[in-house]
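Visitor:
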Amino acid sequence: MPHFDFLVIGSGIAGLSYATKLALHYEQAGRPVSIGVITKVQADETNTKYAQGGIAAVWSEDDSFEKHIDDTMIAGDFMSDRHIVEIVVREAPERIHELIGYGTRFDKEEDGDYDLAKEGGHSDYRILHFKDITGAEIERALLDKVQSLPSIQIFTHVFAVDLITQHHLGETVTRYRDDIKCFGAYVLNTRTGKVEKFLAKTTLLATGGIGNVYQNTTNPTIATGDGIAMAYRAKAICQDMEFIQFHPTALYEPGKKPSFLISEAVRGFGGILRNMQGETFMEHYDTRLSLAPRDIVARAIDSEMKKSGDSHVYLDVTHCDYEKFVAHFPNITAYCSTNLGIDIRKDFIPVVPAQHYLCGGVKVNEWGQTNINFLYAAGECSCTGLHGANRLASNSLLEAVVFAHRAYLKTIEHVEQAVVPDTIPEWNDKGTHHPEELVLVTEMQRELESIMSNYVGIVRSFRRLKRAQDRLHLIHLEHEELYRQSTVSVPISELRNMIEVAYLIIKMATARRDNRGLHYNIDIVKEEVYS
0 MPHFDFLVIG
10 SGIAGLSYAT
20 KLALHYEQAG
30 RPVSIGVITK
40 VQADETNTKY
50 AQGGIAAVWS
60 EDDSFEKHID
70 DTMIAGDFMS
80 DRHIVEIVVR
90 EAPERIHELI
100 GYGTRFDKEE
110 DGDYDLAKEG
120 GHSDYRILHF
130 KDITGAEIER
140 ALLDKVQSLP
150 SIQIFTHVFA
160 VDLITQHHLG
170 ETVTRYRDDI
180 KCFGAYVLNT
190 RTGKVEKFLA
200 KTTLLATGGI
210 GNVYQNTTNP
220 TIATGDGIAM
230 AYRAKAICQD
240 MEFIQFHPTA
250 LYEPGKKPSF
260 LISEAVRGFG
270 GILRNMQGET
280 FMEHYDTRLS
290 LAPRDIVARA
300 IDSEMKKSGD
310 SHVYLDVTHC
320 DYEKFVAHFP
330 NITAYCSTNL
340 GIDIRKDFIP
350 VVPAQHYLCG
360 GVKVNEWGQT
370 NINFLYAAGE
380 CSCTGLHGAN
390 RLASNSLLEA
400 VVFAHRAYLK
410 TIEHVEQAVV
420 PDTIPEWNDK
430 GTHHPEELVL
440 VTEMQRELES
450 IMSNYVGIVR
460 SFRRLKRAQD
470 RLHLIHLEHE
480 ELYRQSTVSV
490 PISELRNMIE
500 VAYLIIKMAT
510 ARRDNRGLHY
520 NIDIVKEEVY
530 S
């Protein structure tokens, strides 16, 4: 039974930054500490790893905090919490300097200055990047740093099933109690098949996104909303789940999951969107053309595809400087060439929108604290108020590292108040058995993905949302029966989490009565027209 001072669920930028800061703090203080980091596959398989474009920060004298703040507010349809936006933007340079100190490399110009990129929604060049694999570079540097710190243990191929609260001690826990406490998590060791108690004074959720609720997503297969679902079951408050960002330019490869991402930075570099006839179309939707924020571009592409019946549109970079393009986007260039035979010097790149990012999640305050005591959340699984109704490009890695730092500060302030009871029971799976037909799980997941993609996608309606809710309810009932009878497994648990995340998305999308940012309901447009 592992027992830690601090438990971190997830090994992306948020989780590793938090663990690193804790380890360094106690090392400098000369005090022993135990930090456990758990991940359900290998340590580097995270949403962070797949982030291409970069991390945003005011870095040049021509730029300003005020411009970055305004860009973030505009992209978020002014639903962002301005106080949070100011915190993140103003703390950004220091947090990025720390990443550089941990060994992260960002591309530089020949004169030694950082090569700053510009992406959709940004009014200035402020995106630090490493080729087109920025997330993978940050993940590499953080893992190297973590592995040099003896107080951190990384557990791979373990799956957090449920958070441990007073509920497991027999107490009644309601969502509006202010004294709920988290004592760690029940964790499935996928190698042994046993569920173990991972007890901790403080727990951080850093579990990433929810992409696999949808058919097409740029997220890795591990992104099944586990942290959000666990927190919701533990009575944490979730918020803004209706705001699902669809990246407008995923590479069109029918049937492939995850979808390969054609970075936002490609349009910032000069890429132009065209329809199947080779005509530009963004001038009909926004004066910023191909550099409009993602929600506008995604809806524009969706509209063009619906009007024409085409399966995709094109991104044209044939006019761009080829040598510079390859230098900036070697991975994208190689992938297009190797997998689709596309020569970007003369061929257009076929693209289609795909689920990319969740702006909502587990609600936290400015210190990463949830409404559950000693439970923190950071990264995509959290809702900080930064993104509002739509995330500005390259603000996600930034949000994760800023809130990991702020959660660390509050953790060391409060951890001494935490007491883990010695009466927490073992996981009880009596009366369950290994399911003989996991095909049922596969089929339920396919149906879930279809429901969410067809009815709760880029464009919604109340009828579609009601249909999604009704069908999801049937899947929920079928899965609950299977879950009660079955020994815990990753596929069954992931599906459980995805069903609950889908429920939250549908519930909050149905409740919203205005079109803001990423939420677009055609019935609300009609109501606005006729009112």
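Each step along the sequence shown adds one to the number in numbering that gives the first Met the number 0, with nothing skipped, and position 51 is 50.
Cβ coordinates follow ideal geometry from the N, Cα and C atoms, glycine included.
#1: Looking at the structure shown, is V350 part of a helix, part of a strand, or coil, going by DSSP?
#2: Tell me the rounded alpha-carbon separation between I474 and M443.
#3: Using the three-state DSSP reduction, which class does K20 fall into: helix, strand or coil?
#4: For D69 versus R125, is the C-beta distance shorter than 8 Å?
#5: Should A353 and T191 be called a contact, given that it needs their Cβ atoms to be closer than 8 Å?
#6: With a threshold of 16 other CB atoms inside 10 Å of the CB of Y17, please say whether the residue is buried or exposed.
#7: Just to confirm the assignment, what range does the alpha helix (DSSP H) spanning T248 have?
#8: Would you tell me roughly how many angstroms separate the C-alpha atoms of D315 and V88, rounded to the nearest one?
#9: Compute the Euclidean distance between the alpha carbons of Y313 and T332, then round it to the nearest angstrom.
#10: Count the other CB atoms within 10 Å of the CB of S530; is the residue buried (16 or more) or exposed (fewer)?
#11: Just mark P31 as buried or exposed, buried being the case when its beta carbon has 16 or more other beta carbons within 10 Å.
#12: Please go through the segment 275-340 and give each complete alpha helix (DSSP H) segment of 4 or more residues, from N-terminal end onward.
#13: Provide the residue(s) that pair with C237 in DSSP beta bridges, ordered along the chain.
#14: Taking all protein chains shown into account, decide if H327 is buried (16 or more other Cβ within 10 angstroms of its Cβ) or exposed.
#15: With the cut-off set at 8 Å, would you say S485 and H413 are in Cβ contact?
#16: Hey, could you find the ends of the alpha helix (DSSP H) G226 is sitting in?
#17: Counting only the same chain and skipping the five closest in sequence on each side, list residues whose C-beta sits under 6 Å from that of D4.
#18: Starting from I137, trace the alpha helix (DSSP H) in both directions and tell me its first and last residue.
#19: The alpha helix (DSSP H) spanning N370 covers which residue range?
#20: Candidates G269, I505 and D522: which alpha carbon is nearest D513's?
#21: Return the chain-ordered list of same chain residues with a C-beta closer than 7 Å to the C-beta of Y213, the five sequence neighbours on each side being excluded.
#22: Taking Cβ to Cβ, would you say V361 is nearer than 8 Å to A376?
#23: Between Y407 and I457, is the Cβ-Cβ spacing less than 8 Å?
#24: Between the segment 176-196 and the segment 461-480, do at least 3 Cβ pairs fall closer than 8 Å?
#25: What number of angstroms, rounded off, separates the C-alpha of Y113 from the C-alpha of L127?
#26: Is the distance from the Cβ of S262 to the Cβ of N215 below 8 Å?
#27: Where do the N-terminal and C-terminal ends of the beta strand (DSSP E) with T202 fall, by residue?
#28: Evaluate F77 with the Cβ neighbour count: other Cβ atoms within 10 Å of its Cβ, from every protein chain shown; 16 or more gives buried, anything less gives exposed.
#29: On a Cα-Cα basis, can you pick out the residue from K107, D301, T369 and G226 that is closest to D177?
#30: Using the C-alpha atoms, what's the distance from A403 back to E365?
#31: For L6 versus A184, is the C-beta distance shorter than 8 Å?
#32: Sorted by chain position, which residues of the same chain lie with C-beta nearer than 6 Å to D225's C-beta, five sequence neighbours on each side aside?
#33: Can you look up A162 in the DSSP assignment and give me helix, strand or coil?
#34: Which residues share a DSSP beta bridge with L272?
#35: Count the CB pairs spanning the segment 413-428 and the segment 37-45 that are closer than 8 Å, and state whether there are at least three.
#36: In angstroms, rounded to a whole number, what distance separates the CA positions of A264 and E477?
Guide: Looking at the coordinates:
#1: strand
#2: Spanning the two alpha carbons is a distance of roughly 7 Å.
#3: Residue state, collapsed to three classes: helix.
#4: no
#5: no
#6: buried
#7: T248 -> not in any alpha helix (DSSP H); beta strand (DSSP E) instead, spanning I243 to L250.
#8: 32 Å
#9: Taking C-alpha positions only, Y313 is separated from T332 by approximately 15 Å.
#10: Reliability fails at S530, whose pLDDT of 48 lies under 50, so the model's placement of it is uncertain and no value is given.
#11: exposed
#12: 293-307, 321-327 and 329-339
#13: V361.
#14: Burial call: buried.
#15: no
#16: D225 to R232
#17: V32, S33 and K200
#18: Bounds of the alpha helix (DSSP H) holding I137 are T133 to Q146.
#19: Segment: none, N370 is in no alpha helix (DSSP H) and carries neither H nor E.
#20: D522
#21: Q354, E448, M451 and S452
#22: yes
#23: no
#24: no
#25: 7 Å
#26: N215 sits away from S262, with the two beta carbons spaced by 8 Å or more.
#27: K193 to L204
#28: exposed
#29: T369
#30: 11 Å
#31: yes
#32: Here D225 has T206 and N496 as same chain residues with Cβ atoms under 6 Å from its own Cβ, once five neighbours each way along the sequence are excluded.
#33: Just to set this straight, residue 162 is Leu in the shown sequence, not Ala. L162 falls in the strand class under three-state DSSP.
#34: L314
#35: no
#36: 43 Å
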